[in-house]
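Position 291, counted from 1, in the sequence shown is what UniProt numbering calls 511; the numbers after and before it change by one each time, with no gaps.
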Amino acid sequence: ALAVPDKSVDSVCPYCGVGCQLTYHVKDNRIEYVEGRDGPANSGRLCVKGRYGFDYAHHPQRLTRPLIRRADAPKRADMAMNPEDVLSVFREASWEEALALAAGKLKTIRDQHGGRALAGFGSAKGSNEEAYLFQKLVRTGFASNNVDHCTRLCHASSVAALLEGIGSGAVSNPVRDIEQADVAIIIGANPTVNHPVAATWMKNAAAAGTRLIVLDPRRSELAAIAHRHLQFKPDTDVALLNAMMHVIVEEGLVDEGFIADRTSGFEALKANVAAYSPEKMAPICGIDADTIRYVARLYASAKSAMILWGMGVSQHVHGTDNARCLIALALMTGQIGRPGTGLHPLRGQNNVQGASDAGLIPMMYPDYQRVDNPEAKARFESLWGMALDDRPGLTVVEVMKAIKAGEVKGMYIMGENPAMSDPDANHARESLAALEHLVVQDIFLTETAYLADVVLPASAFAEKTGTFTNTDRLVQLGRQAIDPPGDARQDLWIIQQMANGLGLDWRYGDVAEVFDEMRRSMPSIGGITWERLQREDAVTYPCMQEGDPGAPVVFTDSFPTATGRARFVPADIIPAAERPDADYPLVLITGRQLEHWHTGSMTRRAGVLDALEPDPVALVHPLDLADLGVAPGGVITIASRRGEVSLYARADDSSPPGAVFVPFCYYEAAANRLTNDALDPFGKIPEFKYCAVRITPG
Ligand code: SF4
Numbered sequence: 221a222l223a224v225p226d227k228s229v230d231s232v233c234p235y236c237g238v239g240c241q242l243t244y245h246v247k248d249n250r251i252e253y254v255e256g257r258d259g260p261a262n263s264g265r266l267c268v269k270g271r272y273g274f275d276y277a278h279h280p281q282r283l284t285r286p287l288i289r290r291a292d293a294p295k296r297a298d299m300a301m302n303p304e305d306v307l308s309v310f311r312e313a314s315w316e317e318a319l320a321l322a323a324g325k326l327k328t329i330r331d332q333h334g335g336r337a338l339a340g341f342g343s344a345k346g347s348n349e350e351a352y353l354f355q356k357l358v359r360t361g362f363a364s365n366n367v368d369h370c371t372r373l374c375h376a377s378s379v380a381a382l383l384e385g386i387g388s389g390a391v392s393n394p395v396r397d398i399e400q401a402d403v404a405i406i407i408g409a410n411p412t413v414n415h416p417v418a419a420t421w422m423k424n425a426a427a428a429g430t431r432l433i434v435l436d437p438r439r440s441e442l443a444a445i446a447h448r449h450l451q452f453k454p455d456t457d458v459a460l461l462n463a464m465m466h467v468i469v470e471e472g473l474v475d476e477g478f479i480a481d482r483t484s485g486f487e488a489l490k491a492n493v494a495a496y497s498p499e500k501m502a503p504i505c506g507i508d509a510d511t512i513r514y515v516a517r518l519y520a521s522a523k524s525a526m527i528l529w530g531m532g533v534s535q536h537v538h539g540t541d542n543a544r545c546l547i548a549l550a551l552m553t554g555q556i557g558r559p560g561t562g563l564h565p566l567r568g569q570n571n572v573q574g575a576s577d578a579g580l581i582p583m584m585y586p587d588y589q590r591v592d593n594p595e596a597k598a599r600f601e602s603l604w605g606m607a608l609d610d611r612p613g614l615t616v617v618e619v620m621k622a623i624k625a626g627e628v629k630g631m632y633i634m635g636e637n638p639a640m641s642d643p644d645a646n647h648a649r650e651s652l653a654a655l656e657h658l659v660v661q662d663i664f665l666t667e668t669a670y671l672a673d674v675v676l677p678a679s680a681f682a683e684k685t686g687t688f689t690n691t692d693r694l695v696q697l698g699r700q701a702i703d704p705p706g707d708a709r710q711d712l713w714i715i716q717q718m719a720n721g722l723g724l725d726w727r728y729g730d731v732a733e734v735f736d737e738m739r740r741s742m743p744s745i746g747g748i749t750w751e752r753l754q755r756e757d758a759v760t761y762p763c764m765q766e767g768d769p770g771a772p773v774v775f776t777d778s779f780p781t782a783t784g785r786a787r788f789v790p791a792d793i794i795p796a797a798e799r800p801d802a803d804y805p806l807v808l809i810t811g812r813q814l815e816h817w818h819t820g821s822m823t824r825r826a827g828v829l830d831a832l833e834p835d836p837v838a839l840v841h842p843l844d845l846a847d848l849g850v851a852p853g854g855v856i857t858i859a860s861r862r863g864e865v866s867l868y869a870r871a872d873d874s875s876p877p878g879a880v881f882v883p884f885c886y887y888e889a890a891a892n893r894l895t896n897d898a899l900d901p902f903g904k905i906p907e908f909k910y911c912a913v914r915i916t917p918g
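This is the structure:
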């Protein structure tokens, strides 16, 4: 039976970008249960992760003391981790000793080799204030811009295309605008698994008459209720989308007034799509020409039509091109700037939007002000009182390569787990193991922390207060409900100690003081006060002046570009970096399961979620399983040119034969040992959604 709580604390869910509001019910510093709250994104609803995924905070493997690597414990990338046996690799230390070593060695590397020999990864699981302070620490304490986080692995290509095309990397309309759309294209996304509460609004909209057009090589649950599901061949997004635009131009379905008044570059786009007739593209993308024509007409002719997309679009070497096509579709038809229209890249992690806004990216200060823009640099030098480097820093995958090249020698990683989340994870682990000095701040001994020199025990979501920005640009207040265990500390405190150990002099009194400094450097949230957040719990940006209501729908009369106009950028077909061949004949697609989150460090330690999905699985088409002679539930080994994993085969016909889907949350069968680290040249995002593999029984 549940204990009667002695307090109830309103907060938000720690997992996905939907940003459901919830209430923690607490007894004796333990969360007893969670209830959904009437927030703008969820209206009381929660999915299984939000409702049952809280007890990881009380897991016996929580880190409760700072750890220092034992002198006789080698860093071996291939060494199996045993979180039950932490003390064979590390010894416990006081905060004073751990911080002196953690910051002191980073400072020595900086002084000997310069700031670009250091890099920092922050986290989209942390608050806006943590993200802001972390990037400020790297830029001022390390003296470089080598700071990044997992946005590089999810929507960096979408953001690159959006900034280039319409001047803003965030969504134009909230998810729930789909209820006002006549037509909605959902492409490369599986919302019932990855954005479950948002998916309920999509289902409601479909039931009320919104025609859903699902474009996806996999048959998702939403595809089953869609007006049309176009199951195009993996890796052929540009062929399909250019063919749709070809139809819209050819049949005169463009919005000429919108194009003339609010855009530039249409003639080049028009000339480019002329070569992409549906008849020519049909054999490439696997969708017949009549169907391509039908959905193109439907989208262009709708009174209001919206596009939502996920990582099936972004995680390709042509991810930026994919997003450019989606932007062009909306612009040429004038389907943006009104309720029920627009562009919505569905954000993955709970605060990936906010962490990016706060400057946790190597080429931009907070609010996407470029580090190589002299005016922006001067503004931040004045605010932070230090000279800054104007060279854009290295991205996530580039950092791993720079370690191998001997250019990056020390790292500070807060709440990220690149040993599991980076592509070609064997290579990433070798890089992490090769660092002269690695400091990891986390709540568990993750696969990354296992390779650290110093591990700093941090706070779980419910153990701190901060703001988090959801996929709809909604800045929401998460409140502390419980205290961290043992000697674990709140992340804001740890970042400040590290900053001071690097020679800075930071004296932030509390989280509100950090938020106030953010407001002064970020015009988009300049009007949001801490008091208002405490009162209202959630405010949408842009909110430039105090009292502004916030703007859920943007670009109503202009775009935030230098000219006020949006820009068409043509795209041509670029194949995946690694195609199937005789040795590796199948295509690997990686992604998430409903029950598990990211690299599994939290959800695999949440009792209910782990019980629902306890073992590593691969979803394999029944015909492929039959060819292999493997029964459903049997063990298979999947190998790529970079590594191999063994896991259970689950028969699943939602992907076409020849494509296998593997969730990336299982450390014992880490999917990213297989993936390719080829990058999109613009967003620098790796190609998680396509590489060549082979499967053998056993
Ligand atoms: Fe949490 Fe996302 Fe589920 Fe909402 S939909 S409860 S934010 S995981």
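All C-beta atoms in this analysis are idealised placements derived from N, C-alpha and C, irrespective of residue type, glycine included. Because the structure is a prediction, the values reported are computed rather than measured.
Segments of 4+ residues assigned as alpha helix (DSSP H) that fall wholly inside the stretch 520–548
Listed in chain order, the complete alpha helix (DSSP H) runs (minimum 4 residues) inside the stretch 520–548 are 531–534.
Q) Where does the unbroken beta strand (DSSP E) through M883 begin, and where does it stop? A) Looking at the sequence itself, residue 883 is Pro, so the reference to Met does not match. Counting along the chain, the beta strand (DSSP E) containing P883 begins and ends at 879–883.
* Report yes or no: do three or more beta-carbon pairs, one from the stretch 323–340 and one from the stretch 349–367, lie closer than 8 Å? => Short answer: they touch.
- ligand 1 heavy atom lying under 7 Å from the CB of P416: Yes, Cβ of P416 sits closer than 7 Å to a heavy atom of ligand 1.
Check whether the stretch 815–826 and the stretch 881–899 touch, using three or more Cβ-Cβ pairs below 8 Å as the test. yes
### Residues near S641 in its chain [Cβ-Cβ closer than 8 Å; skip 5 each side]
C370, L373, H818, T819, F884, N892
For K295, the nearest candidate out of A639, T776, V434, R396 (CA to CA): A639
**Asked** What residue does the alpha helix (DSSP H) around K327 start on, and which one ends it?
**Response** 315–333
Query raised in the report: Relative to the C-alpha of N262, which residue among Y253, E252, S231, L287 is closest?
Result: Answer by Cα proximity: S231.
Practice task
Would you list, in sequence order, the uninterrupted beta strand (DSSP E) runs of no fewer than 3 residues that lie entirely inside the stretch 662–724?
Solution key: 674–677, 686–689, 694–698
Discussion item. Quick check: does the Cβ of K423 come within less than 7 Å of any heavy atom belonging to ligand 1?
Written reply: K423: no, Cβ never under 7 Å from ligand 1.
_Strictly by DSSP, which residues pair up with F310?_
Under the DSSP definition of a beta bridge, F310 partners with R289.
Worksheet entry | Boundaries of the alpha helix (DSSP H) in which E650 is found, first to last residue | 645–654
Who are the Cβ neighbours of N414 in its own chain at under 6 Å, not counting the five residues just before and after it?
R812
**Asked** Whole beta strand (DSSP E) runs in the stretch 748–776 with 3 or more residues, listed along the chain?
**Response** The stretch 748–776 contains these whole beta strand (DSSP E) runs: 758–760.
Query raised in the report: Which word fits A480, buried or exposed, when buried means at least 16 other C-beta atoms lie within 10 angstroms of its C-beta?
Result: Looking at its Cβ environment, which holds fewer than 16 other Cβ atoms inside 10 Å, A480 is exposed.
Apart from the five residues just before and just after D673, which ones in its own chain have a Cβ nearer than 6 Å to its Cβ? R289, H657, L658
- Query: If you run the structure through DSSP and keep just helix, strand and coil, what is Y272?
  - Reply: helix
inquiry  = Would you say the beta carbon of C545 is closer than 7 Å to some non-hydrogen atom of ligand 1?
reply    = no
(request) Indicate the three-state DSSP secondary structure (helix, strand or coil) for Y585 in the structure shown. (result) strand
* Using a threshold of 7 Å, is the CB atom of E266 nearer than that to any non-hydrogen atom of ligand 1? -> As written in the sequence, residue 266 is Leu, which differs from the Glu given in the question. Checking every heavy atom of ligand 1 against the Cβ of L266, one is found closer than 7 Å.
Limits of the unbroken alpha helix (DSSP H) element including K356:
348–356
From I856 to I915, what distance separates their C-alpha atoms?
Distance between the alpha carbons of I856 and I915: 7 Å.
D707 versus G560: straight-line alpha-carbon distance, rounded:
49 Å
**Prompt:** Sorry if obvious, but does the Cβ on residue 927 come closer than 7 Å to a heavy atom of ligand 1?
**Reply:** Residue coverage of the chain in this structure runs from 221 to 918, which leaves residue 927 outside it and unanswerable.
As a quick exercise: from N571, D730, I405, pick the residue whose alpha carbon is nearest that of A426.
Nearest to A426 by C-alpha distance, out of N571, D730, I405, is I405.
*Kindly indicate which three-state DSSP category A846 falls into: helix, strand or coil?*
In the structure shown, A846 sits in a helix (DSSP, three-state: H, G or I).
At the level of alpha carbons, what is the spacing between G746 and D730? 19 Å
message: Can you give me the C-alpha to C-alpha distance between V224 and K247, rounded to a whole angstrom?
response: The alpha-carbon separation between V224 and K247 amounts to approximately 7 Å.
Query raised in the report: Given M531, which residues of its chain have a CB within under 6 Å of its CB, disregarding the five upstream and five downstream residues?
Result: C374
Problem set entry | Check: K269 C-beta below 7 Å from any heavy atom of ligand 1 | yes
Note to self: Tell me which residue opens and which closes the alpha helix (DSSP H) that D577 is part of.
What the structure shows: 572–577
Length at least 3, wholly inside the stretch 400–482: the beta strand (DSSP E) runs in chain order
403–407, 431–435, 448–450
Could you give the first and the last residue of the continuous beta strand (DSSP E) run that contains L338? 338–341
What are the partner residues of D305, as DSSP defines its beta bridges?
BP columns for D305 are empty, so no partner.
Considering only the beta carbon of each residue, do Q241 and Q700 sit closer than 8 Å? no
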